[in-house]
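>
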Amino acid sequence: MPRFLLFFVLFTPIFAGAQTTISGTVTSTKKEPIPGANIILVDTYDGTTSNADGTYSFTTYESGTYALQVSFLGFETYTDTIEINGGELTIDIAIKESFNELKAVVISAGAFEASDEKRGTILKPLDIVTTAGASGDIYGALTTLPGATQVGNDDGFYVRGGSDYETMTIIDGIPVQNPFFSTVPDVPSRGRFAPFLFKGTVFSTGGYSAEYGQALSSAIILNTADMPEQTSSGVSLSPIFAGAFHTQKWKNTALGGGLNYTNLALFNAIFKPQTYENIKNVQALSGTVYLRQKTSQTGIIKFYGQFEGSGLGVRFPDVDSLDEGVTDDIFINNRYNYLNASYRELLGEKTTLFLAAGWSNNADSITFDGFSVGRGDDAFQVKSTISYQASDKVRVKGGAENWTIDNYQLAGSQRFESGYNLTGSFVEADIFITNDLAGRVGVRHEYTDILQEHNVAPRLSLAYKIGENSQLGAAYGDFYQVPQRQFLYVPDQVTSLIYEKATHYILNFQTIKDDRTFRVEVYQKDYDHLISFTPGAFQGVYEELSNDGYGYARGVDLFYRDRKSIKNADFWISYSFLDTKRRFLDYPIETQPTFAADNVLSVVYKQYVSKIRTQFGATYRYISGWPVYDPWSDTFLGETSPVYQDLSINASYLTRIADQFTVVFASVNNVLGLNQVFGRTYSTEDPGVYVDQKPPLVTSIFLGMFINISYTQAP
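So for the sequence shown, our numbering puts the first residue at 711; every next one is plus one.
Now the structure itself:
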């Protein structure tokens, strides 16, 4: 019988006001009509696209002051403030052409954009939080794109046959350590950072820029928002969560902060998870602070800090003693601190300077059946880049960075420590040979003292335009990574290690026309020098530790998005086929790893009903299953978990409470109550005895509310 989690929140419904019709014409500054331009009211779902002659018209039930925004591929985004009071508004708009974004080919192999300004945009930040089944999590939404996949209850992010440690999250140029909340096995986690912190997201499934390193498979590049438009406040409410923030805006300065509290006591009192017993309620308290300071017309300083504390305790059945009712108790307490600061300025008309620094501290205190263990790290990173626009068709960028990372691991009375310093530098050039042919060529160099080794990584991307709306792309590159921290604690073993390596080969085709996007990409990824070992006698020591591992991943990714065919609807379909094998860690043979699935399908649909100001959404996922380890089988990883399927739905209702913009939202995960099995944990003492790895709940329902409080002037 499905178990349901239901959260209630009270809200006051506000009925629709008078209808207003907004119409006009969108043209270029040369008075040429622009067909297919996106016209929206910011902070609403109201809007439309321009017709073949540039005309547009849509209706809204909103009233008051709103921002009207117009965007079109290859043109600068236009924004203007308008007053809506019912009746009819005629607004003619001229937008400015942006060279190299309108007519020039775009380098896109391996990357999905999620910003509001880039040509070739795939997802906008709002799409991330309105995707059903993603629970407002950046990583959850990105798993609906081709190349990425969910792997059970694990808290990592897996891309194109790569392990979770092969993906790097980068905020304002600085790599982030521990981007997920700490958790225990079989209890799912999510990303630490809220989607609306960022103005844009780039999800690179491979072949990414020479500016970034230390990620064998993927880079998730997040850029924080610049100056806010006005002073505002916000409140989020649900029975398990409460949060509030305030941003104060002055002419050249913005200062803000927020506080969030989570407590699952209500959840634990009413509903019991199917895979474990809660013995300590999940509690978390986090705070944020941020500063934006304009230093000139073109310069800005940005600062962001986040501080968190959380804890939970769970009781699992011991798979080796199921008949006796033996359990394993696990408690974890986490403390996390994160700081990021950056400065960007134009030095003349053609040169841009960027400076950034970041610091993070993470500490996990874990108790397993009374035995204490722990882990933690401190990371400090600095970076500088300079970009030079040599001409309209040549742009050169170079820079350098330094990482200092200290790790520790505790096992009872034993303490293991490791630390290293890594320096990196890069240079790359974007060259538009013609408007139809472009290339990006770059090289990256790194050195780390712990391995006492250099690496040099060439990167190359090409793009060729084959029509008004279509292009071909290709990418190649070498990517290096220092071995994971758990292999760096014994100096005698580390001296024999080198960088792990992956080489990417990518070909793609992409067409974007009339709010429809189609993309197909084929790839080959070759792994060399992966860590390989036989387990040692105690934590932190591995026998025969070496870089003898190897492997490959190849496949095809398909993506189609359509915002045109169905009125007020937006949907996308993603499919990934993966063929991968590797011999690494303690694998005795080359085989498909436990985190890789052959076939992954995602279908996302969103429908806005303007009359009731509500967006409805649904997400369907299909995963063909993952390899399962059975210690009693003669074939290593010879079994496969059952097919995984999920249908999740959500709805967002836009209203106003006390004349403030409000969203009331509801979501249901696994609405059909399907039996979802990620894998099996086998007994090491009794052949054939196992426990299925499942989500904590069969079905979950969530209701909540967000209120945005804006001010025409400082309160």
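Ideal placement from N, C-alpha and C gives every residue a C-beta, glycine not left out.
May I ask you to report which of helix, strand or coil DSSP gives residue 848?
Three-state result, residue 848: helix.
> Use the C-beta contact count for residue 1408: other C-beta atoms within 10 angstroms, 16 or more gives buried, fewer gives exposed.
Buried, since its Cβ has 16 or more Cβ neighbours within 10 Å.
> Please confirm whether residue 1072 has its beta-carbon closer than 7 Å to some beta-carbon of chain D.
Protein chain content of the structure displayed is limited to a single chain, and chain D is not contained in it.
> Rounded to a whole number of angstroms, what is the C-alpha to C-alpha distance between residue 1421 and residue 958?
About 10 Å.
> DSSP has residue 1390 in a bridge; who is on the other side?
Answer by DSSP bridge pairing, in chain order: 1402.
> Write down the C-beta distance between residue 1020 and residue 1047 rounded to the nearest angstrom, noting that I regard them as a contact closer than 8 Å.
Contact doesn't hold; Cβ gap of about 13 Å is too wide.
> Thinking residue 1158 and residue 1192 are a contact (beta carbons under 8 Å), I'd like their distance in whole angstroms, please.
Confirmed, about 6 Å.
> Tell me whether the beta-carbon of residue 1030 lies closer than 7 Å to the beta-carbon of residue 1395.
Against a cut-off of 7 Å, the Cβ pair of residue 1395 and residue 1030 comes out as a contact.
> Cutting at 7 Å between CB atoms, please list the residues of its own chain near residue 1206, excluding the five before and the five after it.
Contacts found: 1256.
> Measuring only the C-alpha atoms, how far is residue 1383 from residue 1376?
Those two C-alpha atoms are separated by around 17 Å.
> Using a Cβ-Cβ cut-off of 6 Å (strictly less than) and excluding sequence neighbours within five positions of residue 781, which residues of its own chain qualify?
Same-chain partners within the cutoff: 748 and 787.
> Measuring CB to CB, does residue 902 end up less than 7 Å from residue 847?
Against a cut-off of 7 Å, the Cβ pair of residue 847 and residue 902 comes out as no contact.
> With 16 as the cutoff for other CB atoms within 10 Å, does residue 1254 come out buried or exposed?
Residue 1254 should be labelled exposed.
> Residue 1324 and residue 1279 look like a contact to me (Cβ under 8 Å); what is the Cβ gap, rounded to whole Å?
Incorrect: roughly 13 Å between the Cβ atoms, too far for contact.
> Please list the segments of the beta strand (DSSP E) lying wholly inside the region 873 to 922, counting only runs of 3 or more residues, in order along the chain.
With a minimum length of 3 residues, the continuous beta strand (DSSP E) runs that stay inside the region 873 to 922 are 877 to 881, 884 to 886 and 908 to 914.
> Buried or exposed, going by whether 16 or more other CB atoms sit within 10 Å of the CB of residue 1412?
Label assigned to residue 1412: buried.
> Is the Cβ-Cβ distance between residue 920 and residue 1105 less than 7 Å?
No, Cβ-Cβ distance for residue 920 and residue 1105 is not below 7 Å.
> Comparing the CB of residue 766 with every heavy atom of the ligand FAD, is any distance shorter than 6 Å?
The model on display carries no ligand, and the ligand FAD is accordingly not part of it.
> According to DSSP, simplified to helix, strand and coil, what is residue 678?
The displayed coordinates of the chain run from 711 to 1425. Any statement about residue 678 would go beyond what the structure contains.
> Leaving out the 5 sequence neighbours to the left and right, which residues in its chain are closer than 7 Å to residue 1004 when beta-carbon positions are compared?
Around residue 1004: 937, 962 and 1010.
> Whole angstroms is fine: what's the gap from residue 1417's alpha carbon to residue 840's?
Distance between the alpha carbons of residue 1417 and residue 840: 16 Å.
> Kindly list the residues whose CB is nearer than 6 Å to the CB of residue 1357, restricted to its own chain and excluding five residues on each side of it in sequence; keep chain order.
Contacts found: 1330, 1381 and 1382.
> Short of 6 Å in beta carbon distance, which residues of its chain neighbour residue 1285, apart from the five on each side in sequence? Order them along the chain.
Only 1268 and 1311 meet the Cβ criterion.
> Within the continuous beta strand (DSSP E) that includes residue 979, where are the two ends?
No beta strand (DSSP E) contains residue 979, which is instead part of the alpha helix (DSSP H) from 975 to 980.
> Report the option in 1297, 1223 and 779 whose CA atom is closest to the CA atom of residue 1242.
Among 1297, 1223 and 779, the Cα nearest to that of residue 1242 belongs to 1297.
> Beta carbon of residue 799, beta carbon of residue 750: below 7 Å?
Their beta carbons are not under 7 Å apart, which means residue 799 does not touch residue 750 by this criterion.
> Here's the rule I'm using: 16 or more other beta-carbon atoms within 10 Å means buried, otherwise exposed. How should residue 1012 be labelled?
Classification for residue 1012: buried.
> Sort 1141, 1133, 1134 and 1085 by Cα distance to residue 1118 and report the nearest one.
Nearest of 1141, 1133, 1134 and 1085 to residue 1118, Cα basis: 1085.
> Which residues in the same chain have their Cβ closer than 7 Å to the Cβ of residue 996, if we skip the five residues on either side of it in sequence?
Closer than 7 Å at Cβ, skipping near neighbours: 970, 1016, 1017 and 1018.
> Would you kindly report the start and end of the unbroken beta strand (DSSP E) that includes residue 931?
That run of the beta strand (DSSP E) goes 928 to 934.
> Within the same chain, show all residues whose beta-carbon is closer than 7 Å to that of residue 1291, passing over the 5 residues directly before and after it, in chain order.
Closer than 7 Å at the Cβ level, and outside the excluded window around residue 1291, lie 1261, 1262, 1300, 1301 and 1302.
> If contact is defined by three or more beta carbon pairs under 8 Å, each pair taking one atom from either stretch, is the region 1025 to 1044 in contact with the region 1072 to 1091?
Touching, yes.
> Report back the beta-carbon spacing between residue 925 and residue 987 to the nearest angstrom; my notes put them in contact at under 8 Å.
Not a contact, Cβ separation roughly 37 Å.
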